[in-house]
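The sequence shown begins at 5 in our numbering and counts up by one.
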Amino acid sequence: MLVGEEMEIEEGGSYEALPLLSLNHVSLLVRSVWASVRFYEDVLGFCSIKRPSSFNFRGAWLFNYGIGIHFIENESLDDGSMNQPRPINPKDNHISFQCTDVGLVKRRLEERGIRYVTAVVEEGGIQVDQVFFHDPDGYMIEICNCDNIPIIPISSCPFKPSYGIGKNMAAPNKCGLDTEIFMMEILSLDMINFAF
Numbered sequence: 005m006l007v008g009e010e011m012e013i014e015e016g017g018s019y020e021a022l023p024l025l026s027l028n029h030v031s032l033l034v035r036s037v038w039a040s041v042r043f044y045e046d047v048l049g050f051c052s053i054k055r056p057s058s059f060n061f062r063g064a065w066l067f068n069y070g071i072g073i074h075f076i077e078n079e080s081l082d083d084g085s086m087n088q089p090r091p092i093n094p095k096d097n098h099i100s101f102q103c104t105d106v107g108l109v110k111r112r113l114e115e116r117g118i119r120y121v122t123a124v125v126e127e128g129g130i131q132v133d134q135v136f137f138h139d140p141d142g143y144m145i146e147i148c149n150c151d152n153i154p155i156i157p158i159s160s161c162p163f164k165p166s167y168g169i170g171k172n173m174a175a176p177n178k179c180g181l182d183t184e185i186f187m188m189e190i191l192s193l194d195m196i197n198f199a200f
């Protein structure tokens with residue numbers, strides 16, 4: 005779009021959503037690929053995987069829990085401002101990972117000397133425990149037991165079935181509980197057994 009170009013805005017809902025399947029990866033600019041890889045492997049349990057050799061820039065790809073993390077090294081980020089600890093703000097942009105034991109997460113972070121803050125979300129008698137901390141570049145990470153809160157659509161049926169994800173899972177054929185169960189089965193397959 006060119007500056008000053010007028011754009012006609014159409015009402016939403018007249019087009020079908022894009023044919024998406026899932027989140028593939030999150031890409032982060034980092035000061036040091038080595039430091040970031042070490043943190044994401046040692047603290048979060050990711051594994052380094054091969055990246056295309058045709059790339060002519062420093063970077064790394066990691067994978068686990070059904071998601072990829074891609075690092076692109078950008079030394080210009082190293083202006084010294086990241087060396088001072090930033091406040092950990094749960095309302096800031098963050099990546100969230102599901103875990104099976106929030107207490108164990110906190111103990112492991114304490115053993116490593118990683119600063120964190122906690123929060124609790126309560127909804128209808130259900131409690132979700134959250135732990136927030138920064139990676140070496142100041143990106144915020146949340147670890148939670150967010151599956152305690154059920155996924156309930158607030159519109160007619162925004163969830164699209166994702167066929168072929170699990171061998172024993174049938175795609176839901178209607179909105180409602182079947183969709184929620186299907187989504188939780190997929191989430192469980194992708195994120196169960198979170199361990200350091």
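Heads up, the beta-carbon is just placed ideally off N, CA and C, and yes, glycines get one too.
query                                                                                                                                                                                     : result
Assign residue 134 to one of two classes, buried (16 or more other C-beta atoms within 10 Å of its C-beta) or exposed (fewer than that).                                                  : buried
Less than 9 Å between the beta carbons of residue 47 and residue 75, yes or no?                                                                                                           : no
What's the C-alpha gap between residue 35 and residue 79?                                                                                                                                 : 5 Å
Taking buried to mean at least 16 other C-beta atoms within 10 Å of its own C-beta, is residue 124 buried or exposed?                                                                     : exposed
Comparing C-alpha positions only, which one of 57, 137, 104, 102 sits nearest to residue 208?                                                                                             : Here the chain covers residues 5 to 200 and nothing more, so residue 208 does not appear.
Quick check on the DSSP output: the alpha helix (DSSP H) that includes residue 46 runs from which residue to which?                                                                       : 37-46
Could you check whether the segment 95-103 touches the segment 139-156, counting it as contact only if at least three pairs of C-beta atoms, one from each stretch, sit closer than 8 Å?  : yes
Return the bridge partner residues of residue 128 from the DSSP annotation.                                                                                                               : Its beta-bridge partners do not exist; DSSP assigns none.
Is the segment 49-67 touching the segment 108-118 in the sense that three or more CB pairs, one from each, lie closer than 8 Å?                                                           : no
Under the DSSP definition of a beta bridge, which residues are partnered with residue 77?                                                                                                 : 34
Closer than 8 Å by C-beta to residue 72: which residues in its own chain qualify, once you throw out the five before and the five after it? Chain order, please.                          : 28, 29, 30, 53, 65, 66
Taking the DSSP output, what are the residues bridged to residue 53?                                                                                                                      : 65
Where DSSP assigns a beta bridge to residue 137, which residues make up the other side?                                                                                                   : 145
Might you give, ordered along the chain, the residues of its own chain that have their beta carbon closer than 6 Å to the beta carbon of residue 122, omitting 5 neighbours on each side? : 135
Identify whether residue 117 lies in helix, strand or coil by the three-state DSSP scheme.                                                                                                : coil
What's the C-alpha gap between residue 177 and residue 131?                                                                                                                               : Reliability fails at residue 177, whose pLDDT of 43 lies under 50, so the model's placement of it is uncertain and the value that follows must be treated cautiously. Their Cα atoms are separated by approximately 30 Å.
Please name the residue or residues paired with residue 100 in a DSSP beta bridge.                                                                                                        : 146
What did DSSP end up calling residue 70 once you bin it into helix, strand or coil?                                                                                                       : coil
Give me the Cα-Cα distance between residue 108 and residue 102, rounded to the nearest whole angstrom.                                                                                    : 13 Å
Taking the beta carbon of residue 147 as the centre, do at least 16 other beta carbons fall within 10 Å, making it buried, or is it exposed?                                              : buried
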